[in-house]
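These notes concern the structure reproduced below.
Chains as they are written, first to last, in our numbering: chain A, 6 to 329; chain B, 6 to 329.
Encoded structure:
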């Protein structure tokens, strides 16, 4: 990936203003790091509002613990002042609130940074707020919300940023993306700029589709799935179908990338995937963004991803039963 | 299926001699019915030998309870006298013993009736005992072994019989098959003769592959799988892949047959599949006969059954873990 540069250590830019929608394991972590780096950060909260308004945020992190006793907490989008960047860090299953919240936060030229997995959500945001400059953020982060305003950051943290364009065309590295990378520079968080957001999203699915789904369906850790011969070959076969889906959208994923996803995961400590964590906690699963939308995108282009579709339907059954 | 006749009420033939290999829910039931109808039946047992030798067999049945206090019980094939028919009613996972047992029971012209699900096992028997006349039996039976020599027959019981030919060619209705149907006539068990065993085996897989597998992977009853929209469509998609596999072996399964499998199951009482029962009891699953062999047969003919293969690999993982 020649054209993908590691963008760190650039010139220090002026602080900007952010609104974080969804202050959980992800939004809480990145929001707190942006605030600590000097940006003005507004947090839009629901159930944790009272706690965070009074006590602020606590981040226990492999990169060093810190707390922010005073934060700008809001329980309504109406009290958030105009900001330059809106960060959507909700679970995809909570995206229904965006139709209510985004119109109150977005003005012409506002950057909306969507920090979610899966495919097709930028499109939704562009439909709700056509005046926004939409950027996708892919987070490689291992963190948990262990209590209100209390984030435990276990590992990783890098973010890949890419500009969204209607029709998922590759946009190159745009001013909005560069500006965000400059915002992140003083946070110490690694940022990678990808000129082709849609390709980056498909690549991330190479891991998310097999590991998230099988961990739920088979009640298994990443280590067990890799150690067993049958599931290891199934992981690879599912990854190959993700590659087929990407190819149907004119994105090429190399063989070596698939191999690396397996070997990187093998080297990780045994890991409960985020979908498995959601499932075990009885939360709804992010099935449409991670499975339904990619399947639909591929099907529209004549590609029938049968293994992924099988897993998707199994997950829908389990998700439905799990929430009863 | 014009050529498939319901074969009942034929002329009463002379009693014959049988050896039943595997005296569980299936072998115990059919063996007892054959014995009660006047045939000479020898039972080859392992763990239940002492009990059955002393107490015989008890069948609690929807068709009427009965017991056979005196039976010919054997703990070794060496004490079984020459018989005309050897009935293999083991679980497919126990087929390793056939290499030891069959050569002691089979002489030129002996009929071996294989009462198992799945594909490819007749071939194995023909390899072990090339002098045997191999007939496949497909049992539509709902029964359990509730104790040593104690069978509970809950529903159904019909048997489809078809002659095996090397290369799985359709053999027509052969003398061996007709003779067996005459043996069954006085038992009251419904017998259907199929001129094409291989086609019958694929048709049976239309039910077995989706329902058995999904019931284990999703820990679900047949009723739940049909009621949920996601799994109902997955059941149908899996059935369509079974049909693709059959087509690759030059066997046509009609759409209406798939529809009927769904509606028939819908009309059944909620049912724990035999594979789910095995799984819950920690027994090994019949994965090769029901999944591995059909997948292999299709693959050799260029047909890639990805949904079934996905289910198969999931089941292998679960089976392996379940037996640890």
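In this text, a Cβ means the ideal position worked out from N, Cα and C, and glycines have one as well.
When Cβ-Cβ separations below 8 Å define contact, residue 103 of chain A makes no contact with chain B. As computed with DSSP, residue 45 of chain B is found in a beta bridge with B:22. When C-alpha distances from residue 176 of chain A are compared across A:188, A:184, A:156, A:199, the shortest belongs to A:199. Spanning the alpha carbons of residue 194 of chain A and residue 23 of chain A requires a straight line of approximately 16 Å. Interface residue (Cβ-Cβ distance to chain A less than 8 Å): residue 253 of chain B is not classified as such. Assigned with DSSP and collapsed to three states, residue 156 of chain B falls in strand. Within the model, the alpha-carbon separation for residue 52 of chain B versus residue 116 of chain B is close to 26 Å. In the three-state DSSP reduction, residue 65 of chain B falls in the strand class (E or B). Secondary structure of residue 324 of chain A (DSSP, three-state): helix. CA-to-CA, the gap between residue 91 of chain B and residue 321 of chain B works out to about 31 Å.
The DSSP-derived three-state label of residue 252 of chain B is helix. Judged by pairs of C-beta atoms under 8 Å, the segment 322 to 329 of chain B touches the segment 286 to 293 of chain B, as three or more such pairs exist. Membership of residue 282 of chain A in the alpha helix (DSSP H) is indicated by the continuous run 279 to 285. Interface flag for residue 319 of chain B against chain A is set, since a Cβ pair is found closer than 8 Å.
At a cut-off of 8 Å between beta-carbon atoms, residue 249 of chain A makes no contact with chain B. Contiguous alpha helix (DSSP H) elements confined to the segment 102 to 140 of chain A occur at 103 to 110, 126 to 133, taking only those with 4 or more residues. For residue 205 of chain B and residue 231 of chain B, the gap between their C-alpha atoms comes out near 24 Å. Taking one beta carbon from each stretch, the segment 95 to 106 of chain B and the segment 255 to 272 of chain B have fewer than 3 pairs nearer than 8 Å; the two do not touch. Per DSSP, the continuous alpha helix (DSSP H) segment holding residue 186 of chain A begins and ends at 180 to 189.
Beta-bridge analysis with DSSP links residue 149 of chain A to A:157.
Rounded to whole angstroms, the separation of the alpha carbons of residue 329 of chain B and residue 233 of chain A is 13 Å. Contact between the segment 298 to 307 of chain B and the segment 267 to 275 of chain B is absent: fewer than three C-beta pairs spanning the two stretches fall below 8 Å. If you look at residue 78 of chain B, you'll find it in the beta strand (DSSP E) that goes 77 to 79. Using a Cβ-Cβ cut-off of 8 Å, residue 22 of chain B is close to nothing in chain A; its nearest Cβ partner there is about 43 Å away. Residue ranges of uninterrupted beta strand (DSSP E) with 3 or more members, entirely inside the segment 192 to 269 of chain B and ordered along the chain, are 196 to 198. Under the Cβ distance rule, residue 325 of chain A counts among the residues neighbouring chain B, one pair being separated by less than 8 Å.
By the neighbour-count criterion, in which 16 or more other beta carbons inside 10 Å mark a residue as buried, residue 189 of chain B falls on the buried side. A Cβ-Cβ distance of about 21 Å is found for the pair residue 120 of chain B and residue 152 of chain B, leaving them out of contact under the 8 Å criterion.
For residue 28 of chain A, no beta strand (DSSP E) run applies, since DSSP gives it neither H nor E.
Per the coordinates, the alpha-carbon of residue 127 of chain A lies some 12 Å from the alpha-carbon of residue 174 of chain A. With fewer than 16 other beta carbons inside 10 angstroms of its own, residue 70 of chain A counts as exposed. For residue 164 of chain A, the pairing in a beta bridge is given by DSSP as A:144, A:196. Here residue 64 of chain A really is in contact with residue 37 of chain A; their C-beta atoms are around 5 Å apart, less than 8 Å.
When only Cα atoms are considered, residue 131 of chain B and residue 138 of chain B end up about 8 Å apart. Of the residues A:144, A:58, A:21, A:28, the one whose Cα lies closest to the Cα of residue 44 of chain A is A:21. Taking 8 Å as the threshold, the shortest C-beta distance from residue 220 of chain A to chain B does not fall below it.
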